[in-house]
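Q:
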Amino acid sequence: MLFAAKIVNNKKLSDGFIRHALDEYKHCFIFTNIKNQLISEYKINKKELSFVPNHIYNKGYIYKDHFIFEKKKLNDFAIFVGANEAIAEEKLIDFSNHLKGHKPLAFKQIQNILKDEERHTEYSLRFAKKNNSFFSYQIKLTKEKVLSFFRHIYANSLNKFSFIFHPILITIIIALSLVTYFLKLKKKITDEDVMKNIDPNSIT
Amino acid sequence: MFYIGISAYYHESSIFLTDNKDTNCFVKEEFFSRIKGDKNFPHRSLKFLIKKFDLKNENIKSICFYEKPFKSWWEIFYYSIKNPFQNKDFLINHLKNFNKGSIFFYTDVNKLINISREKIVYSSHHLSHCLYGLSVIKNVSDYVYVTCDGVGEGETMSIYTIDDEYKIKKIWTNFYPNSIGLLYSAITDFLGFEINEGEFKVMSLGSFGKPVYEKELKEMFDVENFVINMDYFKFHKSPSKSFSKKLCEVFGEPYLDINEKENFNKYADIASSTQLILEHTMKNLIQKAINLSGRRKVILTGGVALNCKMVHNLSKQDIFEEMIIPPSPGDSGSAIGAANFAFLEKSKVKTIDFNSIFLGPKKSLINKKESKDNLFLKINLTIDFANEAATKLIEGEIIASYYGSTEVGPRSLGNTSILCNARNEEAVNNLNLNLKKRGRFQPLAPILLEENFNKYFSINKNVFKNLEWMGTLCDAKELLYKDYASIIHIDGTCRTQIVKDESSLIYKVLKNLSSKGSNILVNTSFNISKDPVVFDLYDVYVNMRRMNIKFVLMDDGLYQVKDI
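Written out as structure tokens, the structure is:
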């Protein structure tokens with residue numbers, strides 16, 4: 001959202017993206033607080049729930065070389081946002097139902113987030129509807145929902161996928177271990193002329 | 001013609017571009033992706049540089065990667081594959097990461113610039129650290145260059161000398177897994193902090209404890225011969241856990257909640273003991289460097305050099321005549337070292353001339369003028385705006401600063417900072433705990449004019465230069481306890497920055513502040529904990545809104561955040 005705010009030419013839209021980004025930061029803060037409460041209440045190992053920013057690349061939620069806004073047209077971006085906000089809303093309702101009985105404060109905070117998500121969905125989809133034909137809108141919306149479904153399956157199954165390759169990798173490791181068993185690589189502790197002895201074009 | 005150095009794939013990715021004339025531009029990938037410590041190939045940073053400097057094959061002399069990609073991957077693999085079944089988890093992970101790593105550096109660059117293969121060169125990991133060290137000194141042959149980090153190309157510690165004709169000699173090396181950096185990271189992991197991010201928290205935490213585990217830690221690491229006892233560690237076996245059960249038998253349960261007093265005290269003792277072992281090791285390493293080279297002036301680089309408490313404690317032991325740690329001694333700063341390698345490789349007899357430590361882009365290069373008008377209200381654009389900022393600081397306001405060139409290292413030095421009056425305890429605590437959301441055991445750093453330094457602080461002159469970029473700690477004097485107690489760490493130290501440049505905006509603000517009854521400001525980086533430092537005006541705006549900061553100092557005046 002923040003990136004979209006930076007590059008869009010329309011000031012009103014830019015302001016809207018900033019407000020959206022601020023909402024998301026606020027939600028992140030609330031989720032972190034709820035997480036910390038759960039960690040301390042249930043004596044959970046905090047490492048297990050720690051957020052490692054770089055992992056969002058591995059899980060396929062964002063791209064390493066571009067932002068979604070760079071690759072999608074504004075209308076398509078609006079549908080992407082609307083569709084995913086609506087999905088997030090459904091998940092949040094489930095989550096807040098878990099908290100309802102025993103965590104009233106967290107439940108209330110999630111209700112506030114839900115109001116924001118509802119507003120984000122409404123704004124985005126209203127914009128998209130206005131700028132797409134009925135059929136184009138429906139097709140694109142369905143496509144985004146399907147893609148989002150598979151994205152979540154992918155992110156949640158990364159560990160399972162990786163096991164498929166384990167036998168191949170173990171075979172490679174065994175083969176390499178046999179080769180390296182006979183390798184006697186010497187290490188240089190000193191170097192009389194580093195710049196002369198280094199090959200700048202070599203990767204080894 | 002431009003020389004470009006790139007550091008990526010392992011720690012904070014960064015790029016440094018220079019023409020060795022007027023243009024220097026250092027950027028980190030996290031500035032653009034807004035992901036703290038982003039370690040991927042710096043696509044977005046490189047796109048930014050291509051756009052701003054119209055980069056193409058014709059105007060690029062060399063692009064240098066900071067280490068040898070295959071060597072870096074292979075050396076730790078080679079160690080672990082000696083016991084393939086014991087270490088299989090690590091080896092599988094290492095193999096899986098083969099195609100995500102720097103082996104495909106040329107391909108990654110080529111996706112963005114169609115560059116000739118011969119223009120891509122590769123430095124060596126510790127050599128890049130060493131060559132970055134040249135950015136803060138003039139007489140290269142006076143110094144011995146010590147590098148110490150976790151691991152790079154299978155090396156963990158190296159000692160270099162350079163003569164006046166830039167002939168570089170490596171006079172000693174230590175190898176993986178004998179790494180004091182990896183030991184420190186393993187303890188960071190044990191204490192529940194993130195590796196590569198939480199080491200500075202361990203350093204701060206250590207001040208609250210006593211080194212009661214010194215004997216046990218000396219069993220884990222031989223500080224005289226720099227040899228690690230791998231029975232206590234698992235970083236060669238597991239990609240997710242760096243310490244073994246044996247270490248838990250010594251220290252007890254890992255990952256406890258340090259908000260509970262009992263756990264806090266115990267973990268503080270472990271941190272304190274680890275810090276002591278690090279200091280003993282580094283003392284011996286520097287002594288070795290001095291003995292082997294015959295030079296008593298030291299340049300220290302590598303991630304371990306970021307430990308400013310170690311620098312402070314070593315300064316008191318009369319081992320060296322001078323020790324300098326450049327502002328970004330870790331892998332990120334190695335992008336500058338890599339560019340220096342590319343330059344030296346072509347010129348043979350000289351390196352890049354560095355005339356500033358602020359090597360990041362100017363704010364005017366980053367932002368469009370209209371962004372400022374859209375997001376901020378003009379409060380004072382007269383010559384007097386530094387004075388008005390000082391008045392607001394005296395009144396207890398917390399003010400952001402965003403001007404000049406972006407800093408290179410992990411510490412903001414005034415150009416991209418949040419400031420408050422160090423005399424105002426309430427403001428200091430509000431900034432630390434509520435706005436920055438830091439731990440209660442992490443103090444904020446003071447900034448003051450060089451002329452006022454001796455009133456409040458004492459330091460051994462052999463590390464004095466590092467005060468220009470918060471590279472060391474110093475001791476608080478009595479007067480500081482009287483008026484500025486909230487910035488003093490529990491052990492009586494402060495990570496102080498001095499300001500010498502009379503033309504800088506922070507100098508003017510501090511000068512005005514002095515005339516109003518306070519000599520010291522608190523200076524902390526312009527970000528919220530776990531977020532990258534702000535880069536452009538949109539980041540400034542969003543972060544100010546999140547932290548509820550009203551005013552920001554820019555190159556041309558004092559601005560207030562708009563409500564949009």
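Chains A and B supply the protein sequences, listed in that same order. Position 163 (the first sequence) corresponds to 163 in our numbering; numbering is contiguous. Position 68 (the second sequence) corresponds to 68 in our numbering; numbering is contiguous. Beta carbons: idealized from backbone N, C-alpha and C, even for Gly. Keep in mind the model is a prediction, meaning the values are calculated, not measured.
Can you tell me whether A:P104 is buried or exposed, with buried defined as 16 or more other CB within 10 angstroms of its CB?
A: Classification for A:P104: exposed.
Q: Please report the straight-line C-alpha distance between B:I4 and B:L55, rounded to a whole angstrom.
A: Cα to Cα, B:I4 sits roughly 10 Å from B:L55.
Q: Can you list, in chain order, the residues of its chain with a C-beta nearer than 6 Å to that of B:N93? Leave out the 5 residues immediately preceding and following it.
A: The residues are P239.
Q: Tell me whether the beta-carbon of B:R411 lies closer than 7 Å to the beta-carbon of B:M323.
A: The answer is no: Cβ separation not under 7 Å.
Q: Cβ atoms of A:I87 and A:A128: under 7 Å apart, would you say?
A: For A:A128 and A:I87, no; Cβs fall outside 7 Å.
Q: Residue ranges of each alpha helix (DSSP H) run of no fewer than 4 residues wholly in the stretch 390–472 of chain B, ordered along the chain?
A: If we require 4 residues or more, the alpha helix (DSSP H) runs fully inside the stretch 390–472 of chain B come out as 425–429, 453–456.
Q: Mind listing, in chain order, the continuous alpha helix (DSSP H) runs of no fewer than 4 residues lying wholly within the stretch 471–545 of chain B?
A: Segments of the alpha helix (DSSP H) lying fully in the stretch 471–545 of chain B: 478–483, 505–515.
Q: Pull up the CB-CB distance for B:R545 and A:L114, whole angstroms please, since I reckon it's below 8 Å.
A: That belief does not hold up - the Cβ atoms of B:R545 and A:L114 are roughly 22 Å apart, past 8 Å.
Q: At a Cβ threshold of 7 Å, is A:K6 touching chain B?
A: Answer yes: the Cβ-Cβ gap between A:K6 and chain B drops below 7 Å somewhere.
Q: Could you tell me whether the Cβ of A:M195 comes closer than 7 Å to any Cβ of chain B?
A: A:M195 counts as touching chain B.
Q: Comparing alpha-carbon positions, which option in B:G192, B:I81, B:L217, B:K47 lies nearest A:L176?
A: Of the candidates B:G192, B:I81, B:L217, B:K47, the one whose C-alpha sits nearest the C-alpha of A:L176 is B:I81.
Q: For B:N466, which residues from the same chain have a beta carbon less than 7 Å from its beta carbon, with the 5 sequence-adjacent residues on both sides left out?
A: Cβ neighbours of B:N466 beyond the five flanking positions: V311, I324, I325, T472.
Q: Would you mind telling me which residues of chain B sit closer than 8 Å to A:D76, beta carbon to beta carbon, in chain order?
A: Result: empty, since nearest Cβ-Cβ is about 21 Å, beyond 8 Å.
Q: So, helix, strand or coil for B:I103, using DSSP?
A: Three-state DSSP puts B:I103 in a helix.
Q: According to DSSP, simplified to helix, strand and coil, what is A:F31?
A: Correct three-state label for A:F31: helix.
Q: Could you pull the start and end residues of the alpha helix (DSSP H) that B:F70 belongs to?
A: Segment 69–80, the alpha helix (DSSP H) holding B:F70.
Q: Could you check whether the Cβ of A:L38 sits closer than 7 Å to any Cβ belonging to chain B?
A: Judged by the 7 Å Cβ criterion, A:L38 is not in contact with chain B.
Q: Scan the stretch 32–48 of chain B for residues whose Cβ lies nearer than 9 Å to a Cβ of chain A and list them as they occur along the chain.
A: Residues F32, S33, R34, I35, K36, G37, D38, K39, N40, F41, H43, R44, K47.
Q: Going by C-alpha distance, which of A:S96, A:Y123, A:Y154 is nearest A:F107?
A: Of the listed residues, the one whose Cα sits closest to A:F107 is A:S96.
Q: Could you give the distance in angstroms between the alpha-carbon of B:V509 and the alpha-carbon of B:K316?
A: Whole-angstrom Cα-Cα distance: 33 Å.
Q: Can you list, in chain order, the residues of its chain whose CB lies under 6 Å from that of B:D164, leaving out five sequence neighbours each side?
A: Around B:D164: S141.
Q: If I measure Cβ to Cβ from B:H125 and keep anything under 6 Å in the same chain, skipping five residues before and after, which residues do I get?
A: Contacts found: E67, G152, E153.
Q: Cβ atoms of B:G330 and B:L306: under 7 Å apart, would you say?
A: Yes, these two residues count as a Cβ contact at 7 Å.
Q: Find out if the Cβ-Cβ distance for the pair B:V223, B:T281 is shorter than 7 Å.
A: Yes.
Q: Taking the DSSP output, what are the residues bridged to B:N174?
A: For B:N174, which the question treats as bridged, DSSP gives the partners B:M157.
Q: Report the rounded CA-to-CA distance for B:V598 versus A:S202, giving the unit in angstroms.
A: The structure shown does not extend to residue 598 of chain B, since chain B spans only 1 to 564, so no value can be given for it.
Q: In the structure shown, what three-state DSSP assignment does B:I324 receive?
A: Of the three classes helix, strand and coil, the one that applies to B:I324 here is strand, per DSSP.
Q: What residues from chain A crowd round B:L344, counting only those whose CB sits closer than 7 Å?
A: Going along chain A in sequence order, the residues near B:L344 (Cβ under 7 Å) are M195.
Q: I want to verify the contact list: residues of chain A whose CB lies under 7 Å from the CB of B:T173, in sequence order.
A: Per Cβ cutoff of 7 Å: I189.
Q: Quick one: Cα of B:A485 to Cα of B:R495, how far?
A: Cα to Cα, B:A485 sits roughly 14 Å from B:R495.
Q: Alpha carbon to alpha carbon, how far is A:I168 from B:F98?
A: When rounded, the distance between both Cα atoms is 14 Å.
Q: Within a Cβ cutoff of 7 Å, which residues of the same chain sit near A:N131, ignoring the five residues on either side of it in sequence?
A: Excluding residues within five positions, the ones whose Cβ falls inside 7 Å are N75.
Q: In this structure, how does DSSP classify B:L381 when only helix, strand and coil are distinguished?
A: It is coil, neither helix nor strand.
Q: Check whether the Cβ atoms of B:F343 and B:I357 sit closer than 7 Å, and answer yes or no.
A: Cβ atoms of B:F343 and B:I357: not closer than 7 Å.
Q: Over what stretch of residues does the alpha helix (DSSP H) that includes A:T171 continue unbroken?
A: Note, A:T171: alpha helix (DSSP H), 158–181.
Q: Throw me the rounded Cβ distance for the B:I506 and B:G414 pair, which I believe falls under 8 Å.
A: Contact holds; Cβ gap of about 4 Å.
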